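Just so you know, the sequences run in chain order A and B. Be aware that the first sequence starts at 0, since it is given in our numbering, and climbs by one per residue. Be aware that the second sequence starts at 170, since it is given in our numbering, and climbs by one per residue.
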Amino acid sequence: MYPHERSLVKRLANQPFVLIGINSDPKARLRTAMKANNITWRSFWDGGRTGGPIASAWGVRGWPTIYVVDDRGVIRYKNVRGPAMDTAVDTLLAKTSSNLTESLSSVKPQERGMAAYYLGSSGVKGARGAIANLLEDSDPVVRQRAATALALLGEETGPLLESLRRAATDKNSAVRVASLGALGRAGDSGATEIVVEALSAEDPAVLVAAIGAVGELKAAKAVGRLESLSVHKQAEVSDAAITSLGLIGGKSGTAALKALLSKPMHPARVRIAAALFGLGDAASGKAFELFLSDESASVRREAVVALSSLKGFETRSLYLKALEDTDLEVRNVARKALAGSKDAEVLEAMELAMAKDVEDLVPQLASRTTAAAATTQLQSLGPAAAPLLMKQMGKTKSLQAQFGLARVITDLKNPKVAPLAAEELKNVELSRNARFAFEQIASTAGKDVVRIAQGLLKAESSEVRQSGLRLLLRSGSKSQAAGLALESALKDTASEVRVLAAYALSQRGNKAALPVLIEGTKSADRLSQQYGMFGLALFKTKASSAAIADAILKTPQLGRLGIQSLQRQGTADAARSLGRVLSEGTASNKAAALQALRRMKVPEAKAVLRAAGKSTT
Amino acid sequence: MSKLSRIGLLSLAALLLTSASAMAQAKKHSPADLAVGKLAPEISGVDVDGRKFKLSDYRGKVVVLDFWGDW
């Protein structure tokens, strides 16, 4: 299958043909399959399953299923495989080309233009003459499309140069842009006059095309004009002018660039120096040292980016300098360039730069507008940044920044940070939020989580012991050691610790938790009440249902949670407990209990409703 | 009924409505619409990188549509 499709795609690379897949695999598998089988064509991703939205809309039941659609979008063949698929496609392609060639003389300008464009973009060379005729079309869009098509068809434009030269002075600027491009690429030295002439155009797009063309034609005549264009107020124009001066080179090009560079503070000085260096002027490499101490951050950014283009130039010391830059972007470029170096001096400099970045970026996590960008940048610093980030956790007061930091640190997957976080958790002074954040990091310790939690459970502070329990809860560890640690925490001196342990045990179905959970619902601590309630809901016993009802009656704001729990228990005891709420609860809890009872299937629910006189409504 | 559960019911109703309209969108084309000689129904979706594209983007070209899976 794949080999045949690969060869079909390859054979028809320059034809108006495309193979589109509709794939029913999960994304990861699709990616692997594409890589392993060298699949270059695009596929719709159909939701990762065989009954995906596209396949089911098209009623596809067997895989693979093939449809062949012609250039107008009409279905022409179904389920053709192997040689039959080739024949089908070739037949349609022949028809497409002749359709398009025919459309070149259509009365509708749009059809003429599109036909020229398609023939050009699909490389149907036989149509070249017919397309060239369209350069004189009455419709400017058709002329533009024809010029573009000829540019796309590339080489051997020889006989057409005459038409292209005429089109280069067309009154429509898009036509001029396309033809100037084609003339430049064709290397038509006979067009030099026309192209240089176009350098006085006002339309910036035409100007840029003309500048590119004089560069490709190495038109020394254009040097003077390019020099003045190099200070054009539009950056794309001045950039193009400098690039073209570099392309023209020779005596006049080099001299012009040097003259530009000698003017103080030329806005494009970096590009000029890079172009000169490219022309073999080694001395201009030295200018980069100045650029990297330039006042303007944008000059420094441009300079550090351009360093990689200076072939054969000793850039190491310059990158080291850039690492100390005050601008993060400059540092990032240098960091990327130096990555992988084993040089001690480089490593030290990179470490210092990282510390600076961390200090710059962490405060940005606190604001919603900058947090996303700061997160990405922090992640790009790599796992080595994680311990540095840990140190910032205590320094920042912002909740957003603390959780953002925890997320970045966890994502960096540095195995060193979980034990560090465990140490931090022993600190009694931690704010509640920092504590939660460190717990998140410590919970990535894998198997070590249980050991870390055991350590925390021995702490004097009940806050720290609670951290230990939350770690066990997060880890979901089913190990015996974890179970024993939880059971002994049931006898803790602090009520919050006991209730948390009981909640964790209730998830393991351990009945020893029941009395402590009941104690929790009676506690004054809101969190303990909720943990108690959540834990009780997991046991379908008379005592648990009764305790839930007690809690609802004592603390009406727990009603919603408690009534849901009872409904979910679904037992006769739960129905009776709801009955108590129905007769003794607050008005809104009564209403909720009534709803719950009506939804319950257990016969006792009906009995309770009848007893309350609510059975018929 | 408490205010809270009223809100709950309303949002449930909204959820049902949206899933119904999503289902209407993914309606099945009849076999007659998929016959040789018929205009191929539009497909619009995303590729593996989440970039959107449509079958009609390729109008002017011959297209082989291949429903495939790697197994």
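All residues carry an ideal CB built from backbone N, CA and C; glycine is no exception. It should be emphasised that the depicted structure is a prediction, and the values quoted were computed from it without experimental measurement.
- With 16 or more neighbouring CB atoms inside 10 Å of its own CB, T95 (chain A) falls in the buried class.
- For T64 (chain A), a Cβ of chain B is located within less than 8 Å of the residue's own Cβ.
- Using a Cβ-Cβ distance cut-off of 8 Å, the region 399-412 of chain A and the region 341-359 of chain A are not in contact, since fewer than three pairs of beta carbons, one from each stretch, lie closer than that value.
- With a cutoff of 8 Å on beta-carbon distance, T314 (chain A) and L327 (chain A) are scored as not near each other.
- The Cβ atoms of G245 (chain A) and A274 (chain A) sit closer than 8 Å to each other.
- Runs of alpha helix (DSSP H) with 4 or more residues, each lying fully within the region 219-264 of chain A, are found at 222-228, 234-247, 249-261, listed in chain order.
- For A493 (chain A), the closest C-alpha among the options A:Q465, A:P414, A:L411, A:L260 is that of A:Q465.
- Taking all protein chains shown into account, N22 (chain A) has 16 or more neighbouring C-beta atoms within 10 Å of its C-beta and is therefore buried.
- For Y66 (chain A), the pairing in a beta bridge is given by DSSP as A:K77, B:L234.
- In the DSSP assignment, W44 (chain A) is bridged to A:N22.
- At a beta-carbon threshold of 8 Å, the residues of chain A lying near A209 (chain B) are Y66, V68, G72, V73, I74, ordered along the chain.
- Of all residues in the region 5-32 of chain A, the ones placed with a Cβ closer than 7 Å to any Cβ belonging to chain B are P15, F16, V17, L18, I19, G20, I21, N22, S23, D24, K26, R28, L29, R30, A32, in chain order.
- Taking one beta carbon from each stretch, the region 450-463 of chain A and the region 415-424 of chain A have 3 or more pairs nearer than 8 Å; the two touch.
- V407 (chain A) sits buried, since 16 or more C-beta atoms from the chains shown fall within 10 Å of its C-beta.
- Interface flag for L526 (chain A) against chain B is unset, since no Cβ pair is found closer than 8 Å.
- Proximity of chain A to A204 (chain B) at the Cβ level (cut-off 9 Å) is accounted for by I74, K77, in chain order.
- Excluding five sequence positions before and after A436 (chain A), the CB atoms of its chain that fall closer than 7 Å to its own CB belong to M392, Q401, F402, L404, A405, given in chain order.
- Within the same chain, and ignoring the five residues on either side of G578 (chain A) in sequence, the residues whose Cβ sits closer than 6 Å to its Cβ are V607.
- Spanning the alpha carbons of G249 (chain A) and R224 (chain A) requires a straight line of approximately 16 Å.
- Close to I53 (chain A), with beta-carbon spacing below 7 Å, are these residues of chain B in chain order: I212, G214.
- F222 (chain B): member of the beta strand (DSSP E) spanning 221-223, first to last residue.
- In the DSSP annotation of this structure, the continuous segment of the alpha helix (DSSP H) that includes G519 (chain A) starts and ends at 513-521.
- In the DSSP assignment, S564 (chain A) falls within the alpha helix (DSSP H) that extends over 558-568.
- The DSSP-derived three-state label of V357 (chain A) is helix.
- Under the 8 Å criterion on CB atoms, L91 (chain A) is classed as interfacial with respect to chain B.
- The region 70-77 of chain A makes contact with the region 195-213 of chain B: 3 or more CB pairs, one atom from each, lie closer than 8 Å.
- With a beta-carbon spacing of about 6 Å, A503 (chain A) and L471 (chain A) fall inside the 8 Å limit used to define contacts.
- If the five residues before and after E4 (chain A) are omitted, its C-beta is found closer than 7 Å to the C-beta atoms of L18, all from its own chain and listed in chain order.
- C-alpha of V141 (chain A) to C-alpha of I130 (chain A): approximately 10 Å in a straight line.
- Close partners of R41 (chain A) in chain B (Cβ separation under 8 Å): D216, F222.
- Listed as beta-bridge partners of V17 (chain A) by DSSP are B:V232.
- Taken through DSSP and simplified to helix, strand or coil, G214 (chain B) comes out as strand.
- When A:V236, A:A239, A:A281, A:L149 are compared, the shortest CA-CA separation from K257 (chain A) is found for A:A281.
- Within 8 Å of the CB of T86 (chain A), no CB atom of chain B is found; the nearest one sits about 12 Å away.
- Taking C-beta atoms under 8 Å as the contact rule, T409 (chain A) and A365 (chain A) fail to qualify, at a distance of about 18 Å.
- For a cut-off of 8 Å, the C-beta gap from R164 (chain A) to L182 (chain A) is around 7 Å, short enough to register as a contact.
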